[in-house]
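K.L.:
Submitted below is the structure of interest, expressed as structure tokens.
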Amino acid sequence: MFHRERSVPLRGSAAALCNNLSVLQLPVRNLTHFGVVHGPSAQLLSAAPEGVPLAQRQLHAKEGAGVSPPLITQVHWCVLPFRVLLVLTSHRGIQMYESDGSVMVYWHALDSGDAPLVQAVFARGIAASGHFICVGTWSGRVLVFDIPAKGPDIALSEELAGHQTPVTDIAAEPAQGRDCVADVVTADDSGLLCVWRSGPEFKLLTRIPGFGVPCSSVQLWQGAIAAGYGDGQVRLYEASTGTLHVQINAHARAVCALDLAPEVGKLLSAAEDTFVHIWKLSRSPESGYIEVEHCHGECVPDTQVCGARFCDPSGSSFAVTGYDLAEILRFSSM
Amino acid sequence: MSLRTLPLLFLNLGGEMLYILDHRLRAQNIPGDKARKVLNDIISTMFNQKFIEELFKPQELYSKKALRTVYDRLAHASIMRLNQASMDKLYDLMTMAFKYQVLLCPRPKDVLLVTFNHLDAIKGFIQDSPAILHQVDETVRRLTETYGSLSAGEFQLIRQMLLVFFQDLHIRVSIFLKDRVQNSNGRFVLPVSGPVPWGTEVPGLIRMFNHKGEEVRTAEFKHGGSYVAAPKEGSFELYGDRVLKLGTNMYSVNRPVETHMSGASKNVASRTQDCIAPNPLAKEELNLLARLMGRMEIKKHSGTESGFRLNLFTTDEEEEQAALSRPEELSYEVINIQATQDQQRNEELARIMGEFEITDQPSQSASKGDDLLAMMDEL
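Going line by line, the protein sequences match chains A and B.
Residue 1 is where the first sequence starts when you use UniProt numbering, and the numbers rise one by one after that.
Residue 1 is where the second sequence starts when you use UniProt numbering, and the numbers rise one by one after that.
Structural data, given as structure tokens:
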């Protein structure tokens, strides 16, 4: 059903982080942008449809005090109403660039003031919600930045307190015009999920407790939360109530990435067990509960997958990165 | 991310080093009492209280080349000598072995079980020395204290830091190739069968619930692997069945252990940058190293004990050949403490590093770090 397509070579291998692949689809220009973290550097590259690499750029975390160069934790494109920004989080802070990575438009240094001695500070977890960009931190605080339509006049709008352990991932979806709708979900190392309604002031709507394992990746689709956990489970919750509706024993090792093709309700899960699974989400016409169906499973032999994304809106193709692998693997069913 | 990674890295690499040295000492027919003395001296230095204290202080991980310096020192803590080529090979084997163990740990927390496996085996080497045994037990206690109550999330951070350390290392090890745990391209085999980690369910089941939390339906899907449930959890106590085999001694008496250098590192660019490009932060790292090594108490050896050279290769010619043909990107050159025959010199070096005293090296530099660098260059 899915076949391997030509891989895109990377300058540096992918680091063993979760959510270590960001994809920006630019169908109008017939291009796909990929972003992968190597360690102290991240690589951005653009490729033509057949996977032919066209241009590449390396970004580094801003220097600071320390024994070795600071490590990058995540790189992610944020699609906002009037612009696209590339956000890079590291052990020093948060860097925001124009979407091709050419110009840094904003730098936010993390305050290590009250960090306990044994904990290194870092930022991790990036999502765009309306004209906001949310970024998680080691302390559990989520920083909300207000992004203007253009220019570098970015400001820290709010600091959300909901988590006590390092944030792992953040997901957001358009509010669909209704009030009181959950449109942002944040996850952390304890497995706790916080569900928010975005706005000039974010409101915490509900909390979904963890069960002893990190929630490494989270997605939001039509009011349903998909969460991937360190014990290999993928769970689906109703965002407005926090109720668990589906529990999938999806993987034999920690889930490291989830992605959505929102137009068709497809969910991609990837884990350290070398497997990638594609699921179809839907709502039951009778109960309205979120339901799931397994579509496809793919084994990436001997690869501890660390990032996975759909590459087209219909979810017919996806890309995968693996720890120590210096290429982006591509799969397609088209 | 985690400032608690160094003790786990150091103790496990040290454990692998002892397995390999024990294997080679027997293969080279070194007399039993000398072999035991070497292992005792190294273990005693490794688990020295002041050294362990320094090791457990929250700190960033050192680079591969910096850490190599510590093992170089450790390997020469006794009457045994190793040539550069043998030391290189030893470090290659140690690092690839622990990389394999970290990668294959079912849960991030299991790296602690791997560490206990190493320490259990180390206790086996020094059964007849109660004093050193006590030091090792003390370290086990300290490990439990430091790591026993960490969350799964914190262990995942530690695991990620360890994997950063081992990134892009693809040296092929014959014992791994033979056992089919490593492919010919240097990558480890990740099996998709066997027991799932403790706390993980066997994949394949989908459970659906209503708003009251009652299960209303189940479905199955084909996962693709062939997993079974985990039999039991390994013990994190001072003594116990660890269940996990990772970290136990894989070297039996008669297995030759070679490493293959050719085609080892596909991604030369990133590795070269790590090893050879001048690192402006090297000085600070050296200072940290010096502090750590300053705590290493190397025993003084009386003149009656004769030293010997251990060869990690089968013949001297092989060792020479290995030295000549080692690829550029895999050299650990930058910090190079040569093994010398002079034991007095080595003791002085240890003392110097601990006290930052310059004896006969002329140096105009102002800072301690510069002095240390200069001293190391002039060796």
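Note that CB positions come from ideal geometry on N, CA and C, so glycine has one too.
Could you give the DSSP three-state label for P195 of chain B: helix, strand or coil?
P.N.:
Residue mapping note: residue 195 of chain B aligns to position 195 of the second sequence, counting from 1. It is a strand residue.
K.L.:
Is the shortest distance between the beta-carbon of Q304 of chain A and the beta-carbons of chain B less than 9 Å?
P.N.:
Here residue 304 of chain A is taken as the residue at index 304 of the first sequence, counted from 1. For Q304 of chain A, the answer is yes, since a Cβ of chain B falls inside 9 Å of its Cβ.
K.L.:
Kindly indicate if chain B contains any beta-carbon less than 9 Å away from that of D189 of chain A.
P.N.:
For the purposes of this step, residue 189 of chain A is identified with residue 189 of the first sequence, where counting begins at 1. Yes, contact with chain B.
K.L.:
Could you tell me the alpha carbon to alpha carbon distance between S102 of chain A and S86 of chain B, rounded to whole angstroms?
P.N.:
What you label residue 102 of chain A is simply residue 102 of the first sequence in a count that begins at 1. What you label residue 86 of chain B is simply residue 86 of the second sequence in a count that begins at 1. Distance between the alpha carbons of S102 of chain A and S86 of chain B is about 47 Å.
K.L.:
Taking 9 Å as the CB-CB limit, is Y227 of chain B close to chain A?
P.N.:
As a first step, residue 227 of chain B is located in the second sequence; it is residue number 227 there, counting from the start. Answer yes: the Cβ-Cβ gap between Y227 of chain B and chain A drops below 9 Å somewhere.
K.L.:
Per DSSP, what are the beta-bridge partners of C78 of chain A in this structure?
P.N.:
Position 78 of the first sequence, counted from the start, is the residue given in the question as residue 78 of chain A. For C78 of chain A, which the question treats as bridged, DSSP gives the partners A:L85.
K.L.:
Under a three-way DSSP split, which group does I323 of chain A fall into?
P.N.:
Locating residue 323 of chain A in the first sequence gives position 323, counting from the first residue. Just to set this straight, residue 323 of chain A is Tyr in the shown sequence, not Ile. Three-state DSSP puts Y323 of chain A in a strand.
K.L.:
By the 10 Å Cβ neighbour count, where 16 or more other Cβ atoms means buried, how is H134 of chain B classified, buried or exposed?
P.N.:
Counted from its first residue, the second sequence places residue 134 of chain B at position 134. H134 of chain B comes out exposed.
K.L.:
Any chance the stretch 154-164 of chain A sits against the stretch 187-196 of chain A, with 3 or more Cβ pairs inside 8 Å?
P.N.:
Flag = yes, the stretch 154-164 of chain A and the stretch 187-196 of chain A touch.
K.L.:
Can you check DSSP and say which residues form a bridge with Y106 of chain A?
P.N.:
Residue 106 of chain A sits at position 106 when you count from the first residue of the first sequence. Its beta-bridge partners are A:M96.
K.L.:
If we cut at 9 Å on Cβ distances, does Q119 of chain A have a partner in chain B?
P.N.:
Position 119 of the first sequence, counting from 1, holds the residue named residue 119 of chain A. Q119 of chain A counts as touching chain B.
K.L.:
Closest to S287 of chain A by C-alpha separation, out of B:F209, B:R187 and B:I79, would be which residue?
P.N.:
For this step, residue 287 of chain A is matched to residue 287 along the first sequence. For the residues B:F209, B:R187 and B:I79, the minimum Cα distance to S287 of chain A belongs to B:F209.
K.L.:
Which residues, taken in chain order from the stretch 151-165 of chain B, show a beta carbon closer than 8 Å to some beta carbon of chain A?
P.N.:
Correct list: S151, A152, G153, E154, Q156, L157, R159, Q160, L163 and V164.
K.L.:
Taking G15 of chain B as the reference, which of B:R4, B:K34, B:K37 and B:Y71 has the closest Cα?
P.N.:
Taking the first residue of the second sequence as position 1, residue 15 of chain B is located at position 15. Of the listed residues, the one whose Cα sits closest to G15 of chain B is B:Y71.
K.L.:
Along the stretch 188-221 of chain A, where does the CB come closer than 7 Å to a CB of chain B? Name the residues.
P.N.:
Answer in chain order: D189, S190, G212, V213 and P214.
K.L.:
DSSP three-state label for V268 of chain B, please.
P.N.:
As a working mapping, residue 268 of chain B is identified with position 268 in the second sequence. Any answer about V268 of chain B is weak, because its pLDDT of 35 lies below 50 and its placement is not dependable; what the coordinates show is given next. DSSP places V268 of chain B in helix when its eight states are reduced to three.
K.L.:
Taking only the alpha-carbon atoms, compute the straight-line gap between L61 of chain B and R217 of chain B and give it to the nearest angstrom.
P.N.:
Against the second sequence, residue 61 of chain B aligns to sequence position 61. Against the second sequence, residue 217 of chain B aligns to sequence position 217. Spanning the two alpha carbons is a distance of roughly 49 Å.
K.L.:
Using a Cβ-Cβ distance under 9 Å, would G330 of chain A count as near chain B?
P.N.:
Mapped onto the first sequence, residue 330 of chain A falls at position 330. Correcting the residue identity first, residue 330 of chain A is Arg in this sequence and not Gly. It does not: the Cβ of R330 of chain A has no partner Cβ on chain B nearer than 9 Å.
K.L.:
Is it true that the CB of G228 of chain A sits closer than 9 Å to the CB of E238 of chain A?
P.N.:
In the first sequence, counting from the first residue as 1, residue 238 of chain A sits at position 238. In the first sequence, counting from the first residue as 1, residue 228 of chain A sits at position 228. No, the pair does not count as a contact, with Cβ atoms beyond the cut-off.
K.L.:
Taking Cβ-Cβ distances shorter than 8 Å, what residues in chain A pair up with G32 of chain B?
P.N.:
Mapped onto the second sequence, residue 32 of chain B falls at position 32. Those within 8 Å of G32 of chain B in chain A number zero; the least Cβ separation is about 41 Å.
K.L.:
Would you report the Cα separation of A308 of chain A and S41 of chain A, rounded to the nearest angstrom?
P.N.:
On the first sequence, position 308 is the one that residue 308 of chain A refers to. On the first sequence, position 41 is the one that residue 41 of chain A refers to. Taking the straight line from one Cα to the other gives about 19 Å.
K.L.:
Listed in chain order, which residues of the stretch 83-98 of chain B have Cβ atoms closer than 9 Å to some Cβ of chain A?
P.N.:
Answer in chain order: no residues at all.
K.L.:
Verify whether the separation of the beta carbon atoms of L267 of chain A and Q219 of chain A is less than 9 Å.
P.N.:
Here the question's residue 267 of chain A lines up with position 267 in the first sequence. Here the question's residue 219 of chain A lines up with position 219 in the first sequence. Contact: yes.
K.L.:
Whose Cβ in chain A lies nearer than 9 Å to the Cβ of N210 of chain B?
P.N.:
In the second sequence, counting from the first residue as 1, residue 210 of chain B sits at position 210. Ordered by position in chain A, the residues that pass the 9 Å Cβ test against N210 of chain B are T243, H245, S287 and Y289.
K.L.:
Within 9 Å of any Cβ in chain B, is that where the Cβ of T274 of chain A sits?
P.N.:
Along the first sequence, one-based indexing puts residue 274 of chain A at 274. With 9 Å as the cut-off, T274 of chain A counts as an interface residue toward chain B.
K.L.:
Taking the C-alpha atoms as reference points, what is the distance between I133 of chain A and E220 of chain B?
P.N.:
As a first step, residue 133 of chain A must be located in the first sequence, where it is residue number 133. As a first step, residue 220 of chain B must be located in the second sequence, where it is residue number 220. Each residue's Cα considered, the two are about 38 Å apart.
K.L.:
Are the beta-carbon atoms of Y34 of chain A and V52 of chain A separated by less than 9 Å?
P.N.:
Counting from one through the first sequence, the residue named residue 34 of chain A turns up at place 34. Counting from one through the first sequence, the residue named residue 52 of chain A turns up at place 52. Position check: residue 34 of chain A holds Phe in this sequence, whereas Tyr was assumed. Contact flag unset, no.
K.L.:
Mapping DSSP to helix, strand and coil, what is D231 of chain A?
P.N.:
Stepping through the first sequence from its first residue, residue 231 of chain A is reached at position 231. Residue state, collapsed to three classes: coil.
K.L.:
For the stretch 181-236 of chain A, list the beta strand (DSSP E) runs that are entirely contained and at least 3 residues long, ordered along the chain.
P.N.:
Taking only runs of at least 3 residues, the beta strand (DSSP E) segments lying wholly in the stretch 181-236 of chain A are 184-188, 193-197, 203-208, 215-221 and 224-229.
K.L.:
So with Cβ pairs under 9 Å, would you call R253 of chain A a contact of chain B?
P.N.:
Taking the first residue of the first sequence as 1, we reach residue 253 of chain A at position 253. Closer than 9 Å to some Cβ of chain B, the Cβ of R253 of chain A qualifies, so yes.
K.L.:
Considering only their Cβ atoms, is the gap separating A172 of chain A from V185 of chain A smaller than 9 Å?
P.N.:
By one-based count along the first sequence, residue 185 of chain A stands at place 185. By one-based count along the first sequence, residue 172 of chain A stands at place 172. Cβ distance < 9 Å, so V185 of chain A and A172 of chain A count as in contact.
K.L.:
List the whole-angstrom C-beta distance separating A123 of chain A from T73 of chain A, where the pair is believed to meet the contact cut-off of C-beta under 8 Å.
P.N.:
Walking along the first sequence from the start, residue 123 of chain A turns up at place 123. Walking along the first sequence from the start, residue 73 of chain A turns up at place 73. With 8 Å as the limit, A123 of chain A and T73 of chain A qualify as a contact, their Cβ atoms being about 7 Å apart.
K.L.:
Along chain B, in chain order, which residues have C-beta atoms closer than 9 Å to that of C299 of chain A?
P.N.:
Position 299 of the first sequence, counted from the first residue, corresponds to residue 299 of chain A. Going along chain B in sequence order, the residues near C299 of chain A (Cβ under 9 Å) are V192, G224 and G225.
K.L.:
Would you check if there are 3 or more beta carbon pairs closer than 8 Å linking the stretch 73-86 of chain A to the stretch 142-154 of chain A?
P.N.:
Short answer: they touch.
K.L.:
Quick one: is G232 of chain A near chain B, going by C-beta distance under 9 Å?
P.N.:
Locating residue 232 of chain A in the first sequence gives position 232, where the first residue counts as 1. So, interface residue.
K.L.:
At a Cβ threshold of 9 Å, is L61 of chain B touching chain A?
P.N.:
The residue you call residue 61 of chain B lines up with position 61 of the second sequence. It does; some Cβ of chain A falls within 9 Å.
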